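All residue numbers for the first sequence refer to the numbering used here, where the first residue is 1 and numbers rise by one.
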Amino acid sequence: MILAGECLPELPEVETTLQGVRPWIKDRKIQSIVVRNPNLRWPVALPDFLVGSKVLEVWRRGKYLIIDLGIGSVIAHLGMSGSLRIVNPGEAVRTHDHLDIEFSRGIVLRYNDPRRFGSWHYSEDDPLDHWLLRKLGLEPLSEEFCADFLHRKSRSKAQSVKAFIMDGNVVVGVGNIYASEALFHAGIRPTVKASRLSFASYENIVKAIKRLLTDSIRIGGTTLRDFVSPSGQPGYFQQTLNVYGREGKPCKICSATLKKVLVTQRSSVYCPRCQSDRSKRNL
DNA sequence: CCCTGAACCTGACCGC
DNA sequence: TGCGGTCAGGTTCAGG
């Protein structure tokens, strides 16, 4: 019984995890919580009195998974390497299995996180008011996230467009992979100043982000190098990556050699030809 | 307030 | 084979 969550959780992985886990734990009562290693991004903070409460709903905000228990909510983040599985009670514990939540009828939600950048919090109040979620930007698949929003918001910014769209206080769920790919699709260099881009450029960026995320969620989450889907088939998404991880390789569109630059300490691969002419025209 | 860079951590990978 | 160095990634926080 394995479900949901593989390496490098971007928003589509979180959405996939959510959809995979929800039917197993919804309407079930928590029977026990086992924390084997509390030393994650922040110390795991799940009070004992959660035992006995029932999962009313599971949803997400950005890359945060939220388990609504009625009396309050568990707020989980998978960090960079976290994953959730549904296992049987007796299932052998593996390295980095830091946390179990056991539910009624022998359902165990097991959290594995080699790098321990994930987090588990509990909030009695509206989770959206939690200090981790309070300042989060728009959901990328919402209607409010549109060219007008980005264009307006970017006017006062001095940073590069890539840093801008990766800023979680602007829009959530656009990590290094999707930012790189979206800018390729939009034909815009990652290093261009956000404030210099036209409305039309932001239309292209928004369109690209929405399409990439939607497609990815449909496929069942992004995949990186060694991803193997639960069915044992190799991941599909990596075949659709145009620039991410392809430095020095030929552009799939124009065959120019892809280049890499550092933008706020993040490697950013782009096509010097495809992401040059159009971006200039759009300025 | 705005922005950049450091920090957190481990596994994969590379060169010797 | 093994060792050390480098890199990757999301997010927050310290500091310029």
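No residue lacks a Cβ here, since even glycine has one placed at the ideal position from N, Cα and C. Only a predicted model underlies this, so the values are computations on that prediction, with no experimental measurement involved.
Secondary structure at Trp120: strand, using DSSP grouped into helix, strand and coil. Taking the Cα of Ile71 as reference, the smallest distance to any Cα among Asp125, His98 and Gly82 is reached at Asp125. A contact between stretches requires three or more CB pairs, one per stretch, nearer than 8 Å, and the region 155 to 168 fails this requirement with the region 113 to 128.
Per DSSP, the unbroken beta strand (DSSP E) holding Asp100 starts and ends at Asp97 to Phe103. Rounded to the nearest whole angstrom, the CA to CA distance from Tyr270 to Ser83 is 30 Å. Here the alpha carbon of His96 sits roughly 17 Å from the alpha carbon of Asn88. As for any beta strand (DSSP E) of minimum length 3 sitting wholly inside the region 49 to 109, the runs are 57 to 61, 64 to 68, 73 to 77, 83 to 87 and 97 to 103, ordered along the chain. Assignment of Asn112 by DSSP, reduced to helix, strand and coil, places it in the strand class. Between the alpha carbons of Ala76 and Ile66 lies a gap of roughly 6 Å. In this structure, the alpha-carbon of Ser123 lies about 44 Å from that of Lys259. Residue range Leu11 to Ile25 is occupied by the alpha helix (DSSP H) that includes Gln19, with no beta strand (DSSP E) assigned at that position. Straight across, the Cα-Cα distance linking Leu99 with Tyr111 is about 5 Å. Taking C-alpha positions only, Pro114 is separated from Arg246 by approximately 26 Å.
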